[in-house]
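**Student:** Following this message is one structure expressed as structure tokens.
Chains as they are written, first to last, in this note's numbering: chain A, 1 to 270; chain B, 271 to 540; chain C, 541 to 810; chain D, 811 to 1080; chain E, 1081 to 1350; chain F, 1351 to 1620.
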């Protein structure tokens, strides 16, 4: 089974971190196809960047559907474009925030999220409501580390995050930690060992949930609001995003290759 | 005061309907600058189309900020790109679903929404939660009229909508009706008269709320998550959406003109 | 358009502060008719005083309806008598807490309320639920300033309130401040400038929302629970509050002049 | 122990029905002191009438406190003036809607309310939220019987109510019925027998809860928002409602006898 | 009226404390029949112990039904087996957490719970949701006293609890205290006097609610999900818990005497 | 990896159905160890039966922990004993209701549950709240098929269920179906094909979630309320359920073999 793991930002090195975490989580028969967003910001730290990043996510999902992906993972903790992506996919589409929160609720009665900049906290809080996690998520904690700073050796990101996790365990009445950024994916195992509680990285969580759904033969519902978008004209810069009749028949949203499709292919896709 | 009224879809005739409703609502000193989305679908009836349409909304808001708009109205009932737009605007940004629901809650203890295709109902239901209207909104009712069918003389759209409103009043324990599509903006006055209850069109509602905020000197908060997006590189097709330092200083998100900016100018803007 | 701005307490000097704020907010064509409660406590700082104050509010709304008011504003942050007033009014009736919270939710994703005595906090918390603002209102903060102390030059009320606002911005993850008392109406502009975030006074907010509704031709729904009270006898001290058939026909609750109507007329009404 | 059972409307015959139900519920050592509202409407069927009726409720509670009442029951299903009354009472104050809903939640996992006019449904729905009964109360059903029609022999009120209860049991997935009007108090026993499920009258329920609190020595908390109202001047028709220092010391809101305890001469009755 | 007060743990000395509190609360005509769990842990401080304790609770309720108990009280603050017990009882069944929270909401607008070990806090928090007390319960505070330590003279339990109550009153904006363990039942009166606010012990509260329901003739609803369990075979160690046809006819769940029924009899039952 | 799939009822044939569904879902490296409850009712259709069944579930989880199970599945749609089981397990414990609802929320924006007897609906509704699925679960529908009737060839259970699913899709605005009983596990694939929407069986879903957690190295949190039960004496029939020090060290609740693992002699089986 091929799972497309889409990095919604345009920083390829971060795709590498994400892909490594995805592969570590993947079952033997699973192939991880990492994809870097073809367009958009180099990191995603707010509503505006989420909205712009959604376009590349949708392009990547559409492309993946054309190539027979078994599932799609949106590897940014704001889950940009999630419901939109489900409209154009037959295959399951999983966001990493969604995945991490769902799994956290299975191993603890309460969890805290440790994330990056304070300004992204609101995005997580809105997702907590959308996913029904108000009573499970005890607190969303920002470290004020920028996303791209996570990979900066001089930042002591791992130390800062570990310290915030410890505060969460001491103050929040929480039994598990959810890491609130795809760029923290490599820290989960180490932190779990150090802190002695489940520390959940959404990338691995989403890969396993994707495998679960595919293993059960469960695809995205095409009845109701997740049905393929209606066939209609699109104009201007994003005209290539229009679905055509062939897409609709296949249960997908877009058939024409986007102009930047060449750039969509990730390391595994060549 | 100049209020940009942005039609997030690319159908110019619908911009006309919207602009007319906006002008009917506007106070003497208000200028309505209608804008048609420069890119995206001709109508918006689902999550996917909302996501694509958000790009044109953001472009239009950014352009409006550059031109000194006093406020921005997003004239599609899904309020696409609303929080993202607020990040790049100093001026208030109002969505029409938001506006209609807030005003409805001031004239009735409960309201029903009458909208277009059944598949869009979920979008309204999610907004009802986002805006805290769960106890005010009694029901979201679909007519299964497509958005562009509203303007089709053969559709009897007005009759179909009136009939659904009557069912709402009879069955939902509701005291007011919210029209769930910008394309219904021209029906509100007539329906109010016929049904004897407040029938609220979001376009007019948003214009009045924009005037209210501007009149009070209230701008979008720039403290916290609605601060201007951080300055960082954007790649690919949407690279023009990157904010630059000048934008950030001005409290805006993007300074370079988008390639399609020429097309952004609406009827009033020439 | 004439907007009745009702001070539910019986302190005329506070009516002056309120009227000044209302006039500063009003559009050119709007006339503000300030009204001081004809009966009740000199300030409102609890459930009991709210209940008593509601009577004068209802008398004032009824009188205003008789005089053709375009809208009514209830200028006490507990919004006393709001739904009752809507039953006897065709014109819109707006509470200042309601108005401030709705507008705050349009310019920030979260706000804090800064109010007077700690004992009034519960009233605001109940309104937060009633208006669906649980996810927008981050915290209600008391200063323990009594209402009438706000106007006391020796109280340093402005300083105390500014300090509490600063704490709110530092601790609550909040992007805007709502001032929780009509007596603070004169502080909003100055605080906005000092704090660099939207600071919202409910009096101005309510005037603008009233203008908005009137401008759209939206009146209080008379279908369902906000219909005029049924015509029936009232006994004793409050017998004058009984609606009569003429009121009901006019969509109002009370036709006979209340005994204290003479005293109801505010500065503008002569 | 003396329990004041206050009929918030001014119809003495209804006080009789209420008093009979209260006495039937009372324990051997309990004395029921029925009180008819000294002022206000003859029946309560809306927000406006609730607001007016609250005054007489407060007068009655204050008088009862002066006479050493052990507890107060507010015998109207909208619980008018409940929190205000608690401020001026040391003794417990119980509303009948509150009482009925709490007891219903102890004998069934879900209940339906059967009430009078449709326009009063919203009042119950707001109380359902205030009392945390959203998940227990399955539906509020109106019969469109006016309150005073309940006692009209020609109305077949008992039959109409029984029929609505049967519909509730058949359609709502409900295990108990709450009668939504003090005027139905005499029907509960008979309906319980006929329907084979608990049918709960709030008057009896409130008497028993009052006995429970008194028996446990539990009085209304005077810490925080239910503390006695601050001593301050009141003006006009309701000037007698001002608490004085003696009241405050006694933990009550008003010490002067209300004018209508002697005679209701007119406005500002000296 | 005979009320069975069931101590769900197997520590007889704690049954003594509970029985004393119940008798102090009981009305003259009420007989308290204390019952110690025939099986299970000596104290209950977690989900697992609650689940085990539920068996003895059900056995005790079944036995009590056979002996004509007028009502059953489950005297552990987690209310173990509450809904299950209601299926096999015609008589009312009241949990002490439920009872305490309901009564607390009648004397204060907000309360705090002071409980034993931190690990039990989650159980209370889940009950707060189940009983609709999210807006009334301001905080659940643990003292980290073990249940059986409450009776240990060297523990200074009373002092520790009083100190935590004082913190609650100072920090939580709370007007009443709910004691979160049956083992604290003897502290309520003294704490009320010391702290000057209502301090509510669930044992007494449940006895009074049981008296209230019995006094009103209200029994557990047998319509719907609280109907007697269906008659069907049970196997293994708990085979004696199977209801038989005779039970079902009597509205009870189990007719055969449980093997440990001999041990179920408490001090009063001989 | 060995996953214990526990049938909480004592009907071995139903264990067979459950085991077959579990094996169909299991990944190549997974071994399914089916367990039939050693004690309790032959089917579970109410609160009482859930409470009794929890004991066997806990015994099975404890035994499984002793045997090195990688995960535990509780295969009854009420998830009996779930949190209690987590206290005594290091390995993940998954309930099938929980599993089905979480996965359903990933493939549709709304789902309906189709279950057995009407009396079980409340159990699902309570779980919907516990799992935060209020906004995803559109309706819980009963078929009034008894659990053991599902396997009765004469019952046309498959037809009845299919018909109810069709009604759900037509009326509930739902995109997926959750089967509300472990006994329906064999119907999911066929129903998915017939209805054209995801039909989710909790047994398969729980197996896949267990594999996911194990694959990620995520175990049940032992910090806070899911820590092993404290070591303390248990008395009477269930004395064998007491954890001992060895259990606690291993992070488990009970080390001694339960009496029914060998033979069920009687009470207090030595």
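Using N, Cα and C, we set each Cβ at its ideal position, and we do this for glycine too.
1) Just to confirm, is the Cβ distance from residue 949(D) to residue 978(D) under 8 Å?
2) Rounded to whole angstroms, what is the Cα-Cα separation between residue 668(C) and residue 652(C)?
3) Are the C-beta of residue 1223(E) and some C-beta of chain F separated by less than 8 Å?
4) Can you tell me the Cα-Cα spacing of residue 273(B) and residue 440(B), whole angstroms?
5) For residue 1383(F), tell me which candidate among 1420(F), 1522(F), 1565(F) has the shortest Cα-Cα distance.
6) When you compare the CB of residue 714(C) with every CB in chain A, is at least one pair closer than 8 Å?
7) In three-state terms, what does DSSP make of residue 294(A)?
8) Please confirm if residue 1215(E) has its CB atom under 8 Å from at least one CB of chain C.
9) Would you mind telling me which residues of chain D sit closer than 8 Å to residue 379(B), beta carbon to beta carbon, in chain order?
10) Using a Cβ-Cβ distance cut-off of 8 Å, determine whether residue 1042(D) contacts chain C.
11) Could you tell me whether the Cβ atoms of residue 412(B) and residue 386(B) are closer together than 8 Å?
12) Taking 8 Å as the limit between beta carbons, can you name the residues of its chain near residue 256(A), skipping five residues before and five after?
13) I want to check one thing, is the minimum distance from the CB of residue 272(B) to the heavy atoms of the ligand FMN below 7 Å?
14) Just to confirm the assignment, what range does the alpha helix (DSSP H) spanning residue 645(C) have?
15) Name the chain A residues whose beta carbon is nearer than 9 Å to that of residue 1209(E)?
16) Just the Cα atoms here: how many angstroms apart are residue 1434(F) and residue 1158(E)?
17) For residue 1529(F), report the span of its beta strand (DSSP E) as first-last.
18) Relative to the alpha-carbon of residue 1216(E), which residue among 1119(E), 1252(E), 1318(E) has its alpha-carbon at the smallest distance?
19) Is the shortest distance between the beta-carbon of residue 1115(E) and the beta-carbons of chain F less than 8 Å?
20) If you follow the alpha helix (DSSP H) that residue 356(B) is part of, which residue opens it and which one closes it?
21) Residue 31(A): buried (16+ other C-beta within 10 angstroms of its C-beta) or exposed?
22) Using a Cβ-Cβ cut-off of 8 Å, state whether residue 409(B) counts as contacting chain D.
23) Starting from the N-terminal side, write out each stretch of the beta strand (DSSP E) that is 3 residues or longer and does not extend beyond the segment 15 to 64 of chain A.
24) Indicate whether residue 1171(E) and residue 1283(E) have their beta-carbon atoms separated by less than 8 Å.
25) When the cut-off is 8 Å and only beta carbons count, does residue 1452(F) lie next to chain A?
26) So that I know if they touch, is there some Cβ in chain D lying closer than 8 Å to that of residue 781(C)?
27) If I measure Cβ to Cβ from residue 259(A) and keep anything under 8 Å in the same chain, skipping five residues before and after, which residues do I get?
28) Determine, using beta carbons only, whether residue 327(B) and residue 344(B) come nearer to each other than 8 Å.
29) Let me know the secondary structure DSSP gives residue 144(A) once reduced to three states.
30) For residue 604(B), count neighbouring C-beta atoms within 10 Å of its own C-beta (all shown protein chains included) and say buried if the count is 16 or more, exposed if not.
31) Taking 8 Å as the threshold, find out whether the segment 684 to 692 of chain C comes into contact with the segment 543 to 555 of chain C through three or more Cβ pairs.
32) Using three-state DSSP, classify residue 394(B) as helix, strand or coil.
33) With 8 Å as the threshold, decide whether the Cβ of residue 350(B) is near any Cβ in chain C.
34) Count the other CB atoms within 10 Å of the CB of residue 1620(F); is the residue buried (16 or more) or exposed (fewer)?
35) Would residue 295(B) pass as a contact of residue 756(C) if the rule is Cβ separation under 8 Å?
36) Alpha carbon to alpha carbon, how far is residue 235(A) from residue 222(A)?
**Tutor:** In brief:
1) yes
2) 11 Å
3) no
4) 37 Å
5) 1420(F)
6) no
7) With chain A covering 1 to 270 only, the question about residue 294(A) has no answer from this structure.
8) yes
9) 932
10) yes
11) yes
12) In this prediction, residue 256(A) has a pLDDT of 36, which is less than 50 and means its spatial position is unreliable; nothing more can be read from the coordinates.
13) For the ligand FMN, the structure offers nothing, since it holds no ligand at all.
14) 636 to 647
15) 135
16) 13 Å
17) 1526 to 1529
18) 1252(E)
19) no
20) 352 to 357
21) exposed
22) no
23) 31 to 36
24) no
25) yes
26) yes
27) Unreliable positioning characterises residue 259(A) in this predicted model, as indicated by a pLDDT of 35, which lies under 50. The coordinate reading is nonetheless provided below. Once the five neighbours on either side are set aside, the close Cβ partners of residue 259(A) are 240.
28) yes
29) coil
30) There is no way to answer for residue 604(B), as the model of chain B reaches only from 271 to 540.
31) yes
32) helix
33) no
34) Note that residue 1620(F) scores 31 on pLDDT, short of 50, meaning its location in the model is unreliable and no value can be drawn from it.
35) yes
36) 26 Å
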